Amino acid sequence: MKKLIIISLICLFVSCNDIENCGTNDEQDFMVLKFFDLESKTSKSVGFVISSEDTIYSNTVYKSDSTEAELPLNPNTDQTLFLFTSDTSSFELIMSHEFQISIFDDDCDPSIFFSNLDTIRYTFDSLSIPGRITNRQIATNVEVYF
Amino acid sequence: MLKYIFSLWLASLVVVSVAQPSNIPQENTPQENTSQEKVNWTPHHLMLGFNAIRTGRTLLGQGLTTHEIQARMGMSRAIAVLDLGTEKNRRGETFNYVNSGQYFRFGGDWNFVKDQESGNVLSLGLRYARAGFKDDLDYSSDQGFGTEDFEFSNTDLNARWLEVTLNLRGRIISDLYMGFTMRWQTYRKVNGEGILKTFDIPGFGKTRRDNSTAFDYYIMWRLPLNSKQL
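Top line first, the protein sequences correspond to chains A and B.
If you're matching positions, the first sequence starts at 69 in my numbering and goes up one per residue.
If you're matching positions, the second sequence starts at 2 in my numbering and goes up one per residue.
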């Protein structure tokens with residue numbers, strides 16, 4: 069019985085010493101949108117100026133040679149409007165969403181994540197939503213084809 | 002589901018307890034020579050005390066105010082246990098999170114110490130626990146639409162869980178006892194969450210894991226109820 073108590077105390081001590089790294093939090097507050105060519109179904113590099121409501125995003129939202137963008141969603145409303153404009157074309161996308169907020173650890177900022185992603189309106193030729201929650205484990209939320 | 006598990010556990014505890022031969026000397030009665038002696042379930046002592054770790058953490062500050070009292074009633078080698086507690090927790094440097102509420106646990110232990118006169122306890126137990134609480138988060142952030150103030154709250158949260166405990170209580174002096182309880186907490190469920198996912202449950206700890214462990218140290222006073230029963 070004495071051994072059992074000692075082993076239990078060691079296990080308890082180890083379990084109490086968990087230190088969380090904020091970088092291991094998988095929740096994220098933006099959706100990942102990827103651009104595809106409608107005919108070849110391959111990734112497409114774009115040069116859109118992307119804006120949402122009164123905010124014009126810089127090119128820092130683009131990833132992977134501008135074939136995808138990380139777009140913030142507005143937690144104050146249940147939908148977010150995006151405009152994609154270039155010299156030759158312009159598209160519109162309105163996403164609906166819900167969100168939750170959680171605390172990953174005392175030392176990390178609270179994290180917002182979105183769920184039930186869906187479209188209210190879009191002007192791209194085609195669109196699919198392979199990932200309806202914003203999470204690091206989900207590579208793509210929205211695919212647009214044009 | 003849990004109440005059925007708890008009921009089954011209590012029922013099995015009673016069955017096992019009744020099946021145990023008693024080693025306690027009895028008065029000379031006609032039943033003395035029978036092969037199975039009856040277990041006397043009359044409560045023989047009551048222990049009242051408080052959780053010293055919770056009180057200690059409250060005195061140390063660090064944003065936590067918590068207290069817990071415990072009552073243990075010994076009936077043969079079975080012990081009925083009731084915990085009542087309160088907790089208010091403040092967290093965050095870049096945000097302000099406040100969680101406050103009350104909780105209770107009740108259940109039973111099986112004492113492996115045969116000498117009931119000593120009042121010492123080395124026991125395994127099972128607890129059913131519930132908490133009623135609320136929480137509130139206030140912080141500022143830029144979500145890509147300019148810096149904004151966010152405030153979220155849950156005003157009517159409740160949670161329940163199950164605990165398996167290992168308990169040790171030893172007599173220090175007279176009727177003063179001290180000892181620890183180690184808890185393995187599982188089958189946690191929270192109801193009433195809104196946009197804000199709660200971070201703490203009073204009496205349980207952080208919600209990040211479904212299962213958790215805890216260590217509590219108790220200082221208790223023993224009140225003999227009927228010494229003739231021993």
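C-beta atoms are modelled at their ideal positions from N, C-alpha and C, and glycine is treated no differently.
Source: prediction; values computed, not measured.
Discussion item. Does the CB of T95(B) have a neighbour CB from chain A at under 8 Å?
Written reply: To locate residue 95(B), count along the second sequence from 1; it is residue 94. For T95(B), the answer is yes, since a Cβ of chain A falls inside 8 Å of its Cβ.
Discussion item. Count Cβ pairs between the stretch 115-135 of chain B and the stretch 165-181 of chain A that sit closer than 8 Å; are there 3 or more?
Written reply: The stretch 115-135 of chain B makes no contact with the stretch 165-181 of chain A: fewer than 3 CB pairs, one atom from each, lie closer than 8 Å.
Item to complete: Measure the Cβ-Cβ separation of D136(B) and N155(B) and say whether it is below 8 Å.
Response: Position 135 of the second sequence, counting from 1, holds the residue named residue 136(B). Position 154 of the second sequence, counting from 1, holds the residue named residue 155(B). Yes, these two residues count as a Cβ contact at 8 Å.
Worksheet entry | Alpha-carbon to alpha-carbon, Y98(B) and F159(A) | Locating residue 159(A) in the first sequence gives position 91, counting from the first residue. Locating residue 98(B) in the second sequence gives position 97, counting from the first residue. Computed Cα separation, rounded: 41 Å.
Practice prompt. With a cut-off of 8 Å on the beta carbons, I'd call Y190(A) and L161(A) a contact; round off their distance for me.
Written response: Along the first sequence, one-based indexing puts residue 190(A) at 122. Along the first sequence, one-based indexing puts residue 161(A) at 93. Right, their Cβ atoms sit about 5 Å apart.
Fill in: CA-to-CA distance, P44(B) to W222(B), given in whole angstroms
Taking the first residue of the second sequence as 1, we reach residue 222(B) at position 221. Taking the first residue of the second sequence as 1, we reach residue 44(B) at position 43. Roughly 16 Å between the two C-alpha positions.
Item to complete: Tell me, to the nearest whole angstrom, how far the beta carbon of R161(B) is from that of K190(B); I am working on the premise that it is less than 8 Å.
Response: Walking along the second sequence from the start, residue 161(B) turns up at place 160. Walking along the second sequence from the start, residue 190(B) turns up at place 189. Right, their Cβ atoms sit about 6 Å apart.
Worksheet item: Residues in its own chain within less than 6 Å of I206(A) by CB, not counting five upstream and five downstream?
Response: Taking the first residue of the first sequence as position 1, residue 206(A) is located at position 138. Same-chain partners within the cutoff: G199.
Worksheet entry | Alpha carbon of Y188(B) to alpha carbon of Q71(B), nearest angstrom | Sequence index remark: in the second sequence, residue 188(B) carries index 187 (1-based). Sequence index remark: in the second sequence, residue 71(B) carries index 70 (1-based). Answer to the nearest angstrom: the Cα atoms are 22 Å apart.
Worksheet item: Which residue spans inside the stretch 173-200 of chain A form an unbroken beta strand (DSSP E) run of at least 3?
Response: 179-190, 194-196
Item to complete: Under 9 Å between beta-carbons, which chain A residues line up against Y188(B)? List them in chain order, please.
Response: Start at 1 with the first residue of the second sequence, and residue 188(B) comes out as number 187. Result: empty, since nearest Cβ-Cβ is about 18 Å, beyond 9 Å.
Item to complete: Could you work out which residues of chain B lie near P198(A), taking near to mean beta carbons separated by less than 7 Å?
Response: The residue given as residue 198(A) occupies position 130 in the first sequence. Within chain B, no residue has its beta carbon less than 7 Å from that of P198(A); the closest one is some 22 Å off.
Practice prompt. Using the Cα positions of T214(B) and D193(A), report the straight-line distance between them to the nearest angstrom.
Written response: Position 213 of the second sequence, counting from 1, holds the residue named residue 214(B). Position 125 of the first sequence, counting from 1, holds the residue named residue 193(A). Rounded to the nearest angstrom, the two C-alpha atoms are 54 Å apart.
Worksheet item: What's the C-alpha gap between D110(B) and A130(B)?
Response: Taking the second sequence and counting its residues from 1, the one referred to as residue 110(B) is at position 109. Taking the second sequence and counting its residues from 1, the one referred to as residue 130(B) is at position 129. For the pair D110(B) and A130(B), the Cα-to-Cα distance works out to about 15 Å.
Discussion item. I want to see whether chain B comes within less than 8 Å of Q168(A), judged by CB atoms only; does it?
Written reply: For the purposes of this step, residue 168(A) is identified with residue 100 of the first sequence, where counting begins at 1. Judged by the 8 Å Cβ criterion, Q168(A) is in contact with chain B.
Item to complete: Kindly list the residues whose CB is nearer than 7 Å to the CB of N34(B), restricted to its own chain and excluding five residues on each side of it in sequence; keep chain order.
Response: Taking the second sequence and counting its residues from 1, one reaches residue 34(B) at position 33. Because N34(B) carries a pLDDT of 49, less than 50, the predicted location of this residue cannot be relied on, and the following value inherits that uncertainty. Once the five neighbours on either side are set aside, N34(B) has no close Cβ partner at all.
Worksheet item: Could you give the distance in angstroms between the alpha-carbon of V108(B) and the alpha-carbon of E164(B)?
Response: Numbered from 1 along the second sequence, position 107 holds the residue referred to as residue 108(B). Numbered from 1 along the second sequence, position 163 holds the residue referred to as residue 164(B). In the sequence as displayed, the identity of residue 108(B) is Gly instead of Val. Approximately 9 Å, taken between the alpha carbons.
Worksheet entry | Residues in the stretch 51-70 of chain B having any Cβ partner in chain A nearer than 8 Å | none
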